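Worksheet: the structure to be examined is printed underneath.
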Ligand code: ADP
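Residue numbers (my numbering): 214 to 698.
In structure tokens:
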């Protein structure tokens, strides 16, 4: 490498199926949207490749076509380069694959049947860019593929002509593996020779995520603890052996949160407060109680903002509620999901009227008011690759009560005599993840809340915990630099 090359800005092609602020269904979008901004000051320029879902093309400024194929999995496709939402974008315009009335992945709760081809197309286009196939000749140093939707990109790179471009695949949730029947191998432009147990074959199917895991130069996931958990059968969801075999290239990098969007000192939904002046939080609490139709709550007011699914441990709350309410606690829930869990929470709100209330739905503004007014946030997940709500809780001094798993274990320091003496604790943690564990955690929360000096100290320490993107961006930059040489 020439000396002049060492100082040039280096390039990343980030390939994702969703990205804030353009399209979001989950945490992957937050990461894909936040990383480019955090990496820029570290000398890494990121270009983000996304499918051109409806309306995305009209959002882009100065769009120019830089690549095309007459028949990409059944129709014409082109890449449009431009800017939108503060990001440098390459949008894959392929109307036969992406111009649909439903969501990014399906409609009416059903996945699109051609999802394997839709995201293979995204991955193919990404590999073509890495191979220098655009009219601009732009090539990345690193191709960064997010989740199964981009999992075939490192595979196409590996099976194509040598490029020198290094690839990284990030697992945001290993539950989604991108399966396709073996008969679609040739249609997906994958070589027969790759369809082996060491390659992209997965119990007789093709797995796009596995393809990424076996062909990428490095694998990351969204927390160090989840990285370790992924090699175990309880968490690996069938891919634990594949992950274990590549553990030398695996690292966990904890996500950050957007500290401008989640800022108690400048949140338009609440009365602003800070670590120096927590007083307005009391008024926010009173407003939240009123908004949820709750009465006086003498103990801690806990909140829960979540998808209501088995993963999130929602069933454990029903089993721990009576003891918590008896100690003076209250609970405000915002979420939607599994009808059985919604019904169970509605039942709790009936039984403990005035102390427990639930709002079924998805409401970002309300979630801000809940973090602004709640005393504690519950996150009793059975598994949690990273988790965001515990970090919002830290930032808002809304003490996180979390299961010791995945990113929850990496972002919250539980309260024990030792961590309190060291002034290190930032929340309450519990394990094993069962009803008895959550009940003990809620009892500890009540004890802490009953002692105003301890409580205020804990809440303030939570607010000072680092939750931004700086550390994660440095870790990704170091990983890229190690690969690119
Ligand atoms: P997951 O991606 O598994 O759902 P995360 O904690 O990583 O879990 O991210 C969930 C995100 O969605 C958080 O930003 C959380 O605040 C938000 N969220 C979940 N449910 C709701 C809801 N009902 N209303 C508003 N925001 C919600």
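No residue lacks a Cβ here, since even glycine has one placed at the ideal position from N, Cα and C. Computed from a prediction, not measured in an experiment: that's the story for all the values here.
{"Query": "Residue 334 versus 437, 242, 364, residue with shortest Cα-Cα distance", "Result": "364"}
{"Query": "7 Å CB neighbourhood of residue 481 in its chain, flanking five on each side removed", "Result": "none"}
{"Query": "Straight-line Cα distance separating residue 338 from residue 177", "Result": "Look at the range of the chain in this structure, 214 to 698, and you will see that residue 177 is not part of it."}
{"Query": "Check: residue 576 C-beta below 7 Å from any heavy atom of the ligand ADP", "Result": "yes"}
{"Query": "Close beta carbons around residue 243, own chain, < 6 Å, minus the five adjacent residues each side", "Result": "233"}
{"Query": "One or two residues paired with residue 680 in a DSSP bridge", "Result": "Note: residue 680 sits in no beta bridge, so no partner."}
{"Query": "Residue environment, residue 575, which counts as buried when at least 16 other CB atoms sit within 10 Å", "Result": "exposed"}
{"Query": "is_contact[residue 617, chain C] using C-beta, thresh 8 Å", "Result": "Given the protein chain composition of this structure (a single chain), no chain C is represented."}
{"Query": "Cβ-based neighbour list, residue 217, same chain, cut-off 7 Å, excluding 5 preceding and 5 following", "Result": "Because residue 217 sits at a pLDDT of 45, beneath the cut-off of 50, its placement in the model cannot be relied upon, and the point is left open."}
{"Query": "Element boundaries [beta strand (DSSP E), containing residue 761]", "Result": "Any property of residue 761 remains undetermined from this structure, which presents the chain solely from 214 to 698."}
{"Query": "Any non-hydrogen atom of the ligand ADP within 7 Å of residue 652 CB", "Result": "no"}
{"Query": "Any 3 or more C-beta pairs closer than 8 Å across the stretch 240-258 and the stretch 297-305", "Result": "yes"}
{"Query": "Close-in-space but distant-in-sequence residues of the same chain around residue 345 (CB under 6 Å, 5 per side omitted)", "Result": "352"}
{"Query": "Spatial distance of residue 551 from residue 597 (CA atoms)", "Result": "18 Å"}
{"Query": "Where residue 453 falls: helix, strand or coil (DSSP)", "Result": "helix"}
{"Query": "Terminal residues of the beta strand (DSSP E) in which residue 301 lies", "Result": "300-306"}
{"Query": "Proximity of residue 379 and residue 697 at Cβ, strictly below 8 Å", "Result": "yes"}
{"Query": "Beta-carbon spacing of residue 600, residue 586 below 8 Å", "Result": "no"}
{"Query": "Cβ-based burial, residue 636 [other Cβ within 10 Å; buried from 16]", "Result": "exposed"}
{"Query": "Span separating the alpha-carbon of residue 729 from that of residue 266", "Result": "Lying before the first or after the last residue shown, residue 729 is absent from the chain, which here runs from 214 to 698."}
{"Query": "Check: residue 600 C-beta below 7 Å from any heavy atom of the ligand ADP", "Result": "yes"}
{"Query": "Buried versus exposed call for residue 468 [16 or more other C-beta atoms within 10 Å across all chains shown]", "Result": "buried"}
{"Query": "Assigned secondary structure, residue 578 (DSSP; H/G/I helix, E/B strand, else coil)", "Result": "helix"}
{"Query": "Residue 515 - partner residues in DSSP beta bridges", "Result": "544, 589"}
{"Query": "Residue 638 CB to nearest heavy atom of the ligand ADP below 7 Å", "Result": "no"}
{"Query": "Limits of the alpha helix (DSSP H) - the one that residue 280 falls within", "Result": "It is not in any alpha helix (DSSP H) - residue 280 instead sits in the beta strand (DSSP E) that spans 274-282."}
{"Query": "Euclidean distance between Cα positions of residue 656 and residue 593", "Result": "14 Å"}
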